[in-house]
């Protein structure tokens, strides 16, 4: 919220800002209550307040905004660690309920049930909708609002991350899995028409089929059958949208746009860039005429600092593997949720530059939790069993 053509305000304050600070305060309270004998929650919370106040006071200078972001992301990283180790089942149910409500809203948006479904949409200044039910490709017109419905979320890129994260939480479970969860997540996948969701889903399912236990393999096969049936239903209800999405040119266009954007980071004399540009000469590219510093993928941002990134990965990997092994010994039921969340953590930035999102660092807390188990101050505590 807050990115709409006419943002929602209360007493002149953006509703998005109010909700954002409610979330931050809630996260701070949980963090402080869990680690009530540690001084670090106090330091992080006070640093967030002071850095944000200084940023507003001095006109949002980049260095202060960067400091504020670092402390804010640290808070949500800590929240991810807390939720995975203590309240995983509760958090899983909450995320799935949000997905269920959002799926219903997405369906209302795709059939254009009314103007009330437009209220949170942020990607078009003016929403124009068309009749697309049972309309074939030869006769149909559509808007992105209908082709890529987002439900209660502000953008399709955010929706993709939420669906992938919910998949990681759902498919990693050994038992106490919500019976309707697979249907909801497969429906969101079909309605979202997001390539990154399909890729992430297939990677998770393939891994579970190869390395998962019997229950997880059966669940993965059931999800594949469910997704196939839903795609068949989607093709019957919205034949134009289905045929447009699954044509070779349309399906791969977003990949080409991102690859063409990513390789611009390489020097003009780079042999890799020259080879790829010759290969991709007639492929789609993003129109960056009116967008200075346009970035279509988080991988482009990583490539800008590739030597530092590679060095960091080489140094951190042995510690991560050691922490992962220790976490499995302490909490065996966290093996798959950590693994699948790590897949989301790695894949999600390929679709959008998401590194400044609080949600992304919450996911990071789930995927990077093994690193923090190695801290000398870490003491294993009783975890709410959530198998």
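Numbering (our numbering), first residue to last: 1 to 387. A virtual CB, placed ideally from N, CA and C, is assigned to each residue, including glycine.
Status (buried if at least 16 other CB within 10 Å, exposed otherwise) for residue i
i	result
residue 197	buried
residue 21	exposed
residue 56	exposed
residue 175	exposed
residue 287	exposed
residue 219	buried
residue 239	buried
residue 36	exposed
residue 102	buried
residue 247	exposed
residue 45	buried
residue 312	exposed
residue 375	exposed
residue 52	buried
residue 310	exposed
residue 249	exposed
CA-to-CA distance, residue j to residue i, given in whole angstroms
i	j	result
residue 411	residue 42	Lying before the first or after the last residue shown, residue 411 is absent from the chain, which here runs from 1 to 387.
residue 228	residue 199	15 Å
residue 149	residue 68	32 Å
residue 25	residue 131	43 Å
residue 373	residue 327	7 Å
residue 180	residue 295	37 Å
residue 19	residue 270	46 Å
residue 361	residue 139	43 Å
residue 133	residue 70	46 Å
Residues near residue i by beta carbon distance below 7 Å, same chain, minus five either side
i	result
residue 364	77, 80 and 345
residue 280	256, 259 and 260
residue 357	none
residue 169	92, 95 and 337
residue 28	45 and 75
residue 355	298, 301 and 349
Cut-off 8 Å between Cβ atoms - residues of its own chain near residue i, not counting five sequence neighbours on either side
i	result
residue 265	300, 303 and 304
residue 39	none
Own chain residues within Cβ distance below 6 Å of residue i, not counting five before or after
i	result
residue 284	253, 256 and 257
residue 276	263
For the segment 11-62, which segments carrying the alpha helix (DSSP H) assignment without a break, of at least 4 residues, lie completely within its bounds, in sequence order? 15-34 and 40-57
Complete runs of the alpha helix (DSSP H) confined to the segment 253-320 [at least 4 residues]: 271-279 and 298-304
With a floor of 3 residues, list each beta strand (DSSP E) that falls wholly inside the segment 100-175, ordered by position along the chain. none
As an exercise, report each continuous alpha helix (DSSP H) stretch of at least 4 residues that is fully enclosed by the segment 328-376, in chain order. 335-347, 358-367 and 369-373
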